[in-house]
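K.L.:
Take this structure, written in structure tokens, and hold onto it; I'll ask about it next.
Protein chains: 2
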Amino acid sequence: MELRQIHYFMAVATHQNFSRAAEHVHVSQPSLSVQISGLEQELGTRLFDRLGRKVVLTQAGELFHTHAERALRELEQAAHVVHELHGARRGRLIVGALSTVNSYLITPLVTKFKQRFPDIQLQVHALPSSEVVSGLLGNRLDLGICLLPLAHPQLTMVPLLEERLALIAPPDMKIVKKRMRMQDLAFLPLVLMPVDYCLRKMVEAECAKAGVHPKVVLEMSSPDGILEAVAEGTGATILPELYVRPRLARGNLQLIDLYDPAPRHGVGLAFLTKRYRGPAAEEFARLCETTIRELQSRPTLPRVTAVHSYRAG
Amino acid sequence: MELRQIHYFMAVATHQNFSRAAEHVHVSQPSLSVQISGLEQELGTRLFDRLGRKVVLTQAGELFHTHAERALRELEQAAHVVHELHGARRGRLIVGALSTVNSYLITPLVTKFKQRFPDIQLQVHALPSSEVVSGLLGNRLDLGICLLPLAHPQLTMVPLLEERLALIAPPDMKIVKKRMRMQDLAFLPLVLMPVDYCLRKMVEAECAKAGVHPKVVLEMSSPDGILEAVAEGTGATILPELYVRPRLARGNLQLIDLYDPAPRHGVGLAFLTKRYRGPAAEEFARLCETTIRELQSRPTLPRVTAVHSYRAG
DNA sequence: CCATTGCTATAGCAAGAGACTATAGAAAGT
DNA sequence: ACTTTCTATAGTCTCTTGCTATAGCAATGG
């Protein structure tokens, strides 16, 4: 059974006439006759009664017609949904992002994305860098935002920005200057993430580079919780500057640059190299870069208060 | 879009591997690759992510898959129902039959037919001969049983039987012999069908042949009503012998043969010559002939009392 | 009653689509 | 580094399908 035969069949059924049906499907009448009779032979039954002037469906033809019509509709639908997807008017985009990046980058990004592609189902999961990677490899994520450097044969990395870590101290803590050496951290009580967290490991790595051993007085698993603890004077902490900056507005925290060496790390966009990402993902990636440019041009970003319709699991 | 492409697509989707899919659909791997990439090109999107070891559907592929699967199911169904029809396990047969023939031939015939083809939807309409013909020409009937002779260029007639008309008289009417000349009808009060009925015309035609003018004392449009009137002594009537015979059992009617000339007419099976009739109609025609042979071998047929599930409109 | 018209089926020929073999090229496993 | 596994490409050949011309059949009109 060939799709061509089905199309011809439908044409004859509607026009009740081989010659006109042939015109309608842009073939010669004999070609159409041959195809129809081929179909009839394959099915073992006449589908049309050739009654001289008119051609009408037999019972078999009628039964066949109902199903054939539905089949063609389904194929049309199949092509249609794919084209909708291509125009990004349909589809699903699953992104995994570092939780800190999530808070300052994703929030405005999602707003823009939803404006442009209101019908794309967007999911943004806050995940540690390792799970972003495994999610990409396991095909559970379309895009990932994770730490650099990362060299994996199956993944492509696009560097997005450099995150600087800054010291966050309670307002009453007396700091000599607006800057502090990494070595001076050794005498400071710190509130940090638990040891199995990515952010903690990064802080420890930076301290190790400077040859200091941080004095941890409290471990909390949520960055916001840590900031509250700091605001209450429990100690200082070290967090990505971009993450903390919008939270400084309330005035109960002070931000101190660290140096010698300045703690920083790259953040990049990752995806499976061989995987076809689709227009929605491409656009998301583009929006990432423009959003970052905007963030960097406005050092003190006002807190975004809009409610976003994305799920962060 | 070709059906071949859809089949190959489904195979790759299920096996997640081009080579094995190719084996499964009995083509070489390159042929399958070409077809898939042709489909992708036509749709403007990748349908599969070739991830080295595995091949998985893209989002577009998944969307396409659901519809493609349904389309294939519909086509399977289309072929299936046609085959069911071919095996006479499905379908509809619409027969138009003369009302008199209807009563004695169709009743046992329907019983047999329903036994052999329980799933065929059978409709038997009691119609005058002219409407049988127009019904066939208008494609509203699959088969017809009508009067002979009938020569129509589009219709094929198969003679089935000769119906003899007989005089039916009340039991108290004194008849000299069991036979009566047509001429003697002139003095008999008759109960006949109204003039626009086929049966009435036939009776008048037979009388005309014998040169007599029937004396009609009552007109009724139902043969059974006529018989009741005759039984009550209103007059005699003329009806097909086969129709009346099973109704003689009650003993309130007597049947007298007519002769000189014997009134008779042929009855035949009719259908559109060019129309494909299908196995159900073929079988119905065969059953007609066997049933008639049975009827003629048992001159006094017992009244069939079974309830039949056919509609007579 | 013959000729014409309208429609479908068949025959023969030309072009194109698809299938196959061989092979390149990339990635995963040993 | 080598081998294996898998997909993509190139070239050749065959089969399918399309086309034109025409036969054949029924209905219609002069």
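Chain order of the listed sequences is A and B.
Our numbering puts the first sequence at residues 1 to 313.
Our numbering puts the second sequence at residues 1001 to 1313.
All residues carry an ideal CB built from backbone N, CA and C; glycine is no exception.
Bear in mind that the values here come from a model prediction, so they are computed numbers and not experimental data.
What residues in the region 1139-1157 of chain B bring their beta carbon closer than 7 Å to a beta carbon of chain A?
P.N.:
From the region 1139-1157 of chain B, only 1139 have a Cβ closer than 7 Å to chain A.
K.L.:
Could you tell me whether any Cβ in chain A is nearer than 8 Å to the Cβ of residue 1046 of chain B?
P.N.:
Taking Cβ atoms only, chain A reaches closer than 8 Å to residue 1046 of chain B, which makes this a yes.
K.L.:
Does the region 149-167 of chain A come close enough to the region 258-272 of chain A to have 3 or more Cβ pairs within less than 8 Å?
P.N.:
Yes, the region 149-167 of chain A is in contact with the region 258-272 of chain A.
K.L.:
In angstroms with no decimal places, state the Cα-to-Cα distance between residue 1073 of chain B and residue 68 of chain A.
P.N.:
Their backbone Cα atoms lie some 10 Å apart in a straight line.
K.L.:
Let me check one thing: in DSSP terms, what residues is residue 1146 of chain B bridge-paired to?
P.N.:
Note: residue 1146 of chain B sits in a beta bridge opposite B:1268.
K.L.:
Less than 8 Å between the C-beta atoms of residue 1267 of chain B and residue 1145 of chain B, yes or no?
P.N.:
In this structure, residue 1145 of chain B lies closer than 8 Å to residue 1267 of chain B by Cβ.
K.L.:
Residues of chain A with CB under 8 Å from residue 1059 of chain B, in chain order?
P.N.:
Here the neighbours are 85, 91, 92 and 278.
K.L.:
Between residue 1001 of chain B and chain A, is the shortest Cβ-Cβ distance under 8 Å, so that the two count as touching?
P.N.:
So, interface residue.
K.L.:
With 16 as the cutoff for other CB atoms within 10 Å, does residue 211 of chain A come out buried or exposed?
P.N.:
Flag for residue 211 of chain A reads exposed.
K.L.:
Using a 10 Å radius around the Cβ and a threshold of 16 neighbouring Cβ atoms, would you call residue 80 of chain A buried or exposed?
P.N.:
Exposed is the call here.
K.L.:
Looking at the structure shown, is residue 229 of chain A part of a helix, part of a strand, or coil, going by DSSP?
P.N.:
Here residue 229 of chain A sits in helix by DSSP.
K.L.:
Please list the segments of the alpha helix (DSSP H) lying wholly inside the region 1065-1116 of chain B, counting only runs of 4 or more residues, in order along the chain.
P.N.:
Entirely contained in the region 1065-1116 of chain B, the alpha helix (DSSP H) runs reaching 4 residues are, in chain order, 1107-1116.
K.L.:
Assuming residue 315 of chain A and residue 281 of chain A make a contact with CB atoms under 8 Å, what is their CB distance in whole Å?
P.N.:
No statement about residue 315 of chain A is possible, as the shown extent of chain A runs from 1 to 313 and does not include it.
K.L.:
Sort out for me which residues DSSP pairs residue 254 of chain A with in a bridge.
P.N.:
Beta-bridge pairing links residue 254 of chain A to A:169.
K.L.:
Give the residues of chain B in contact with residue 402 of chain A, contact being defined as C-beta atoms less than 7 Å apart.
P.N.:
The first residue shown for chain A is 1 and the last is 313, placing residue 402 of chain A beyond what the model contains.
K.L.:
Please report the distance separating the alpha-carbon of residue 247 of chain A from that of residue 1016 of chain B.
P.N.:
When rounded, the distance between both Cα atoms is 49 Å.
K.L.:
How long is the line joining the alpha carbons of residue 1295 of chain B and residue 1141 of chain B, rounded to whole angstroms?
P.N.:
One C-alpha to the other measures close to 25 Å.
K.L.:
Going by the DSSP bridge assignment, what does residue 240 of chain A pair with across the sheet?
P.N.:
A:165, per the DSSP bridge assignment.
K.L.:
Comparing the C-beta of residue 50 of chain A with each C-beta of chain B, is any distance below 8 Å?
P.N.:
Judged by the 8 Å Cβ criterion, residue 50 of chain A is in contact with chain B.
K.L.:
Between residue 74 of chain A and chain B, is there a C-beta pair that is closer than 8 Å?
P.N.:
Closer than 8 Å: yes.
K.L.:
Might you give, ordered along the chain, the residues of its own chain that have their beta carbon closer than 8 Å to the beta carbon of residue 133 of chain A, omitting 5 neighbours on each side?
P.N.:
For residue 133 of chain A, where only same-chain residues beyond five positions count, the Cβ hits under 8 Å are 144, 146, 150, 152, 155 and 270.
K.L.:
Pick helix, strand or coil for residue 315 of chain A, following the three-state DSSP scheme.
P.N.:
Shown here, chain A extends from 1 to 313; a query on residue 315 of chain A therefore has no answer.
K.L.:
Kindly confirm or deny that the region 1217-1225 of chain B and the region 1183-1200 of chain B touch, where touching means at least three C-beta pairs closer than 8 Å.
P.N.:
Yes: at least three Cβ pairs fall under 8 Å.
K.L.:
With a threshold of 8 Å between beta carbons, is residue 1070 of chain B in contact with chain A?
P.N.:
It does: the Cβ of residue 1070 of chain B has a partner Cβ on chain A nearer than 8 Å.
K.L.:
Going by beta carbon distance, what residues of the same chain come within less than 8 Å of residue 148 of chain A, once the five residues before and after it are set aside?
P.N.:
These residues qualify, in order along the chain: 157, 159, 265, 266, 267 and 268.
K.L.:
For residue 24 of chain A, report the span of its alpha helix (DSSP H) as first-last.
P.N.:
Looking at the DSSP string, the run of the alpha helix (DSSP H) that includes residue 24 of chain A is 18-24.
K.L.:
Does the CB of residue 1077 of chain B have a neighbour CB from chain A at under 8 Å?
P.N.:
For residue 1077 of chain B, the answer is yes, since a Cβ of chain A falls inside 8 Å of its Cβ.
K.L.:
Using a Cβ-Cβ cut-off of 7 Å (strictly less than) and excluding sequence neighbours within five positions of residue 943 of chain B, which residues of its own chain qualify?
P.N.:
Any question about residue 943 of chain B goes unanswered here, given that chain B covers just 1001 to 1313.
K.L.:
Spatial neighbours of residue 101 of chain A within its chain, please: C-beta separation below 7 Å, excluding the five flanking residues on both sides.
P.N.:
Same-chain partners within the cutoff: 145 and 267.
K.L.:
Taking only beta-carbon positions, decide if residue 113 of chain A is within less than 8 Å of chain B.
P.N.:
By this cut-off, residue 113 of chain A is not an interface position.
K.L.:
Looking at chain B, which residues of the region 20-48 of chain A have a Cβ within less than 9 Å of any of its Cβ atoms?
P.N.:
For the region 20-48 of chain A, which is checked against every Cβ of chain B, the residues closer than 9 Å are 42, 43, 44, 45, 46, 47 and 48.
K.L.:
Compare the Cα-Cα distances from residue 1279 of chain B to each of B:1053, B:1038, B:1084 and B:1044 and report the closest residue.
P.N.:
Residue 1279 of chain B has its Cα closest to that of B:1084, out of B:1053, B:1038, B:1084 and B:1044.
K.L.:
Starting from the beta carbon of residue 1245 of chain B, find every residue of chain A whose beta carbon is closer than 8 Å, and list them in chain order.
P.N.:
Correct list: empty, because the minimum Cβ distance to chain A is about 36 Å.
K.L.:
Taking the straight line between their C-alpha atoms, what separation do you get for residue 1013 of chain B and residue 1005 of chain B?
P.N.:
For residue 1013 of chain B and residue 1005 of chain B, the distance between alpha carbons rounds to 12 Å.
K.L.:
Quick one, which residues of the region 1263-1277 of chain B are near chain A if we go by CB-CB under 8 Å, in chain order?
P.N.:
Within the region 1263-1277 of chain B, the qualifying residues are 1272, 1274, 1275 and 1276.
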